[in-house]
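Enquirer:
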Amino acid sequence: MPDLPEVLASCQGSGYVVAPAGFGKTHLIAEAVSRSSDKQLVLTHTYAGVNVLRRKLRELRVRSEAFRLDTIAGWALRLCLSYPATSSWAINHPSGDQWTALYHACSALLDNEFIRRIVRASYSGLYVDEYQDCSAAQHQLVLKLARDLPCRLLGDPLQGIFDFNELPVDWERDVSGPFQSLGQLKTPHRWNRAGSPAIGTWLGEVRQDLEQGHPIDLTKNLPYGVTLLHVNAQAEHSRVQGNTCRYFRCDPSETVVAIHKGSGQYKSKCHALARTVGGRFSSIEEIEGRSVFSFIHKFEHANTNQKRLKEVLAFAGQCMTGVNATLPAATLRGECCAIRNNTRNPSIANAANAYLTDPSSAAMARLLSSIREVNHVEIIRADLFNRSMGVLRKHAMYPQLTLNEAAEKYHAEFRYRGRPTARRKLIGTTLLVKGLEFDHAIVLEADSLSKKELYVALTRGAKSITIISRSGTLNPAS
């Protein structure tokens, strides 16, 4: 009987594989592509996903000629821009709802017979990763490609937590109904590799309960490495989650993530918790960098150097603890500071004075760096701080751009590189940590999570899972 990679490689129709978190989906795709004789089109959603797949393909020494790897968005954009007269598409950098319009334009383009011949001549098969994250417009595009190419969809309906302005793909209606089941991954490789097979087995049982709508009893039969911290009142909840993060013990080389619900209210809670624990954990930002652009908007609308300096200092306070306490009073007011023997942190005062004289991006970067280097100042939003420094460096390199244009340029490259995870201890929402792997996971307010969010949160930690909940039995809503 052929193994699953061979089943995918030899598939001549349209089928799907259900791939639970941590069960080896990326390896499966790479292995299947390696067994294909002709060029495969491999699509996913993010550049971070592209980078993960590329690394795995290289690890398995798959010939570069054997595949074309891209995001759905990037591939659709390039095809439409290659045939602008036929596609009626001329926007080089779509944003917002323009992306949905692009997918509709690409779907219509794929109805042209000469385009279909080009697709058939270019590729002999299609793989689409993380299919549960497809929008309805992306799904229609894939259906057009599936008319001409063997199509293999890989994903996990229990991880479909992304929100769209339009309806997301419905796995039962759009995938398991019309497509053939090619198999399901069964081995929890993530936990086996980490030396925690019992956690992997337990998560498999949790998955079954979630799929069947059964409650999850956390008061008994938890495997080694899974811990329930049962709290009562909200005040106790806040104290316990703060102390759990503040005093979490693990090897310095290991990674830890604390996970909140994905709504806007909980994004603010992530930032607040990072501040509460004094920078021991850093809060993850959205890939779009809304906080960076919000700062730039305020900065560009400040009409004096004094107001601009105050906006820079306010932004520093978002990224770091203890900023106001490190600054001389005159600097806090946005004024030039007379440097005396008793001036608080004269290096910052000098940098602020220099900025008032020359309010350039390079001077702003030097000021932010000087604040960062002061003792007792701790980074709580390292992702935000590092992105802002990247934008300032970009602006210094391209002074002909506005600061907002430099930020757009930086974030276009940032999306391609994927989210950096250099910090060992992070706090993020389910939406921001989905697809990432850590040694340890702390699930915050577990009783607030939906079924899919709970599964995503529980499957982030390979070596341990700490669950903080007001209830010992979780019965999440769909």
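For the sequence shown, our numbering begins at 6 and goes up steadily by one. All C-beta atoms in this analysis are idealised placements derived from N, C-alpha and C, irrespective of residue type, glycine included.
Grab the span of the beta strand (DSSP E) containing Thr-336 for me, first residue to last.
Expert: Not the beta strand (DSSP E): Thr-336 falls in the alpha helix (DSSP H), residues 334 to 337.
Enquirer: Would you be able to state if there are at least three C-beta pairs under 8 Å between the region 397 to 413 and the region 376 to 389?
Expert: Cβ pair count under 8 Å is below three, so no.
Enquirer: Please state whether DSSP places Phe-167 in a helix, a strand or coil.
Expert: Correct three-state label for Phe-167: coil.
Enquirer: Val-262 and Arg-465 - do their beta-carbons sit closer together than 8 Å?
Expert: Result yes, Cβ atoms of Arg-465 and Val-262 sit closer than 8 Å.
Enquirer: Please report how far the alpha carbon of Thr-76 lies from the alpha carbon of Val-328, in whole angstroms.
Expert: Taking the straight line from one Cα to the other gives about 40 Å.
Enquirer: Compute the Euclidean distance between the alpha carbons of Gly-29 and Gly-101, then round it to the nearest angstrom.
Expert: Their Cα atoms are separated by approximately 32 Å.
Enquirer: Can you give the beta carbon distance from Ala-71 to Ser-41, rounded, assuming they're within the 8 Å contact cut?
Expert: Rounded, the Cβ-Cβ distance is 6 Å, consistent with contact.
Enquirer: My understanding is that His-32 touches Glu-135, with C-beta atoms under 8 Å, so please give their C-beta distance in whole angstroms.
Expert: Not really, about 15 Å apart at Cβ, beyond 8 Å.
Enquirer: Gly-230 to Leu-408, Cα distance in whole Å?
Expert: So the alpha carbons of these two residues sit roughly 47 Å apart.
Enquirer: Whose C-alpha, out of Glu-64, Gln-103, His-194, Thr-249, is nearest the C-alpha of Leu-233?
Expert: Ranking the options by Cα distance to Leu-233, first place goes to Thr-249.
Enquirer: Nearest CA to the CA of Arg-377: which residue from Glu-413, Pro-364, Ala-330?
Expert: Residue Ala-330 is the option with its Cα nearest to Arg-377.
Enquirer: Nearest to Leu-86 by CA position, among Leu-107, Leu-154, Arg-73, Ala-334, is which residue?
Expert: Minimum Cα distance to Leu-86 is reached at Leu-107.
Enquirer: Under 8 Å Cβ to Cβ from Arg-420, same chain only, skipping five residues before and after it: list those, please.
Expert: Once the five neighbours on either side are set aside, the close Cβ partners of Arg-420 are Thr-51, Tyr-52, Ile-292.
Enquirer: Assuming Leu-65 and Ala-35 form a contact by the criterion Cβ under 8 Å, report the distance between their Cβ atoms to the nearest whole angstrom.
Expert: The pair is a contact, with the Cβ atoms about 5 Å apart (cut-off 8 Å).
Enquirer: Looking at Val-245 and Arg-475, is the spacing between their C-beta atoms short of 8 Å?
Expert: The answer is no: Cβ separation not under 8 Å.
Enquirer: Where Asn-56 and Ala-335 are concerned, what is the direct C-alpha to C-alpha distance, given to the nearest angstrom?
Expert: Distance between the alpha carbons of Asn-56 and Ala-335 is about 47 Å.
Enquirer: Which one or two residues does DSSP pair with Leu-234 in a beta bridge?
Expert: Leu-234 pairs with Ile-473.
Enquirer: Quick check: does the Cβ of Arg-195 come within less than 7 Å of any heavy atom belonging to the ligand NAP?
Expert: In terms of ligand content, the structure shown is empty, and the ligand NAP therefore cannot be addressed.
Enquirer: Rounding to the nearest angstrom, what Cα-Cα distance links Cys-111 and Tyr-128 in this structure?
Expert: Approximately 17 Å between the Cα atoms of the pair.
Enquirer: Go ahead and label Tyr-252 buried or exposed: buried means 16 or more other beta carbons lie within 10 angstroms of its beta carbon, across all protein chains shown.
Expert: Counting Cβ neighbours within 10 Å, Tyr-252 comes out exposed, since fewer than 16 surround it.
Enquirer: At which residues does the alpha helix (DSSP H) containing Ile-34 begin and terminate?
Expert: Unbroken alpha helix (DSSP H) run through Ile-34: 30 to 39.
Enquirer: Out of Ser-268, Phe-286, Ser-92, Ile-432, state which residue places its alpha-carbon closest to the alpha-carbon of Ser-453.
Expert: Nearest C-alpha to Ser-453: Ser-268.
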